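Before any comments, here is the structure.
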Amino acid sequence: MDTYKKKELVVGAVMLCAGLFYLILTMNLPRKGTIDASTVPYVLAVALCLLGFLQLLGARKAVQPEADPDEGAPKTVADYPTVLKTLALVAIYIALLETVGFLIMTVLYLYAQFTVLTPHDQKVKHLSYAITAVIASIAIYFTFRHGFDLLLPAGFLDL
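First residue of the sequence shown: 1, per the UniProt record's numbering; consecutive thereafter.
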């Protein structure tokens, strides 16, 4: 068995084991009904198990590619400032979430993250970023609050 096939099998086995571990942890969550806070973890655990199983099946027939398709492509340089800005934004979001509240912090975080992730050669679209951040935050808030019956930090708004 060649090295490429072994690597593919290892990836599939690790995915399947991680999915099974996650599924076992999910089974320990308290249940309130058919659709509750544990529904999404169940879906994710089953999906991870399925992907691991499919990876194992595909690895049996795996053939090492003749040439690397990215061989002639120009090398990209890691953008460390963007990574550091993202980590800082996540840390600020977590630190202020309880005090300021989910809606306000999520709008601010999403808008700032959209701005950070905008490529340098493109113009920042402030209005569309702000509208997208507001709509996404409201949709997420009401989905969790009324759909899953979970309380999110209200902060200043106390809805």
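Quick reminder that beta carbons are idealized off the backbone N, C-alpha and C, glycines included.
What you are looking at is a predicted structure, and each value in this text was computed from that prediction instead of being measured.
Problem - D36 vs F148 beta-carbon contact at 9 Å - result: By 1-based counting over the sequence shown, the position of residue 36 is 36. By 1-based counting over the sequence shown, the position of residue 148 is 148. Yes, Cβ-Cβ distance for D36 and F148 is below 9 Å.
Practice task
Consult DSSP for P153 and reduce its assignment to one of helix, strand or coil.
Solution key: Here residue 153 refers to the residue found at position 153 of the sequence shown. In this structure, P153 counts as coil in the three-state DSSP scheme.
Problem - Close-in-space but distant-in-sequence residues of the same chain around A154 (CB under 6 Å, 5 per side omitted) - result: For the purposes of this step, residue 154 is identified with residue 154 of the sequence shown, where counting begins at 1. G101, listed in sequence order.
Exercise for the section: Buried or exposed for S128, please, with buried defined as at least 16 other CB atoms from any protein chain shown within 10 angstroms of its CB. Expected result: The residue you call residue 128 lines up with position 128 of the sequence shown. Result: exposed.
Handout entry: Range of the contiguous alpha helix (DSSP H) that encloses T106
Key = Walking along the sequence shown from the start, residue 106 turns up at place 106. Run containing T106: F102 to L117, per the alpha helix (DSSP H) assignment.
Exercise for the section: Less than 8 Å between the CB atoms is what I'm expecting for A45 and T76, so what's the real figure, rounded? Expected result: For the purposes of this step, residue 45 is identified with residue 45 of the sequence shown, where counting begins at 1. For the purposes of this step, residue 76 is identified with residue 76 of the sequence shown, where counting begins at 1. That belief does not hold up - the Cβ atoms of A45 and T76 are roughly 33 Å apart, past 8 Å.
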